[in-house]
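Visitor: I'd like to ask you about the structure that follows.
In my numbering, the protein residues as written are 139 to 269.
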């Protein structure tokens with residue numbers, strides 16, 4: 139057999155199997171929802187979408203995304219996270235950063251302020267829960 143033909147056959151079989159599994163999970167979900175009088179997904183958490191209309195909201199989202207590793211305990215400081223776009227955002231696209239944050243100092247300070255606020259809140263929450 140030709141190698142290219144084998145790859146095509148494998149892709150066709152993979153696509154068929156994938157479609158069959160998708161159909162199975164779809165049918166199972168519909169049946170489960172009908173029996174238990176519920177709606178929605180069983181296997182993945184639904185998500186919400188919100189249109190980003192203002193620059194202010196966009197800057198808050200950027201900071202929120204950069205602070206997620208701290209929030210979830212992967213690192214203690216947002217700059218320590220290996221996969222952050224914090225550094226590249228400024229280096230690779232400084233014109234956008236300047237438009238959104240006005241200056242490099244404001245860009246970093248906004249992150250530091252939010253991180254401090256988050257850490258203070260987390261400490262209060264932990265102290266309250268451990269009483």
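Glycine included, C-beta positions come from ideal geometry on N, C-alpha and C.
Note that this is a predicted model, so its numbers are computed, not measured.
Using DSSP with H/G/I as helix, E/B as strand and the rest coil, what is residue 193?
Guide: helix
Visitor: In angstroms with no decimal places, state the Cα-to-Cα distance between residue 210 and residue 249.
Guide: 16 Å
Visitor: Around the C-beta of residue 191, are 16 or more other C-beta atoms found within 10 angstroms, so that it is buried, or is it exposed?
Guide: exposed
Visitor: Terminal residues of the continuous alpha helix (DSSP H) containing residue 219?
Guide: Element bounds for residue 219: n/a, residue is neither H nor E.
Visitor: Do residue 196 and residue 256 have their C-beta atoms within less than 8 Å of each other?
Guide: no
Visitor: By Cβ distance, which residues of its chain are closer than 7 Å to residue 193, with the 5 residues on each side in sequence left out?
Guide: 238
Visitor: Since residue 83 is in the alpha helix (DSSP H), which residue starts that stretch and which ends it?
Guide: In this structure the chain extends from 139 to 269, so residue 83 is not present and cannot be described.
Visitor: In this structure, how does DSSP classify residue 294 when only helix, strand and coil are distinguished?
Guide: Because the chain is modelled from 139 through 269, residue 294 falls outside the range shown and cannot be assessed.
Visitor: Please state the DSSP three-state secondary structure of residue 234.
Guide: helix
Visitor: Pull up the distance between the alpha-carbon of residue 215 and that of residue 242, whole angstroms please.
Guide: Their backbone Cα atoms lie some 18 Å apart in a straight line.
Visitor: If you reduce the DSSP assignment to three classes, tell me which class residue 152 lands in.
Guide: helix
Visitor: Thinking C-beta only, is residue 155 closer than 8 Å to residue 167?
Guide: no
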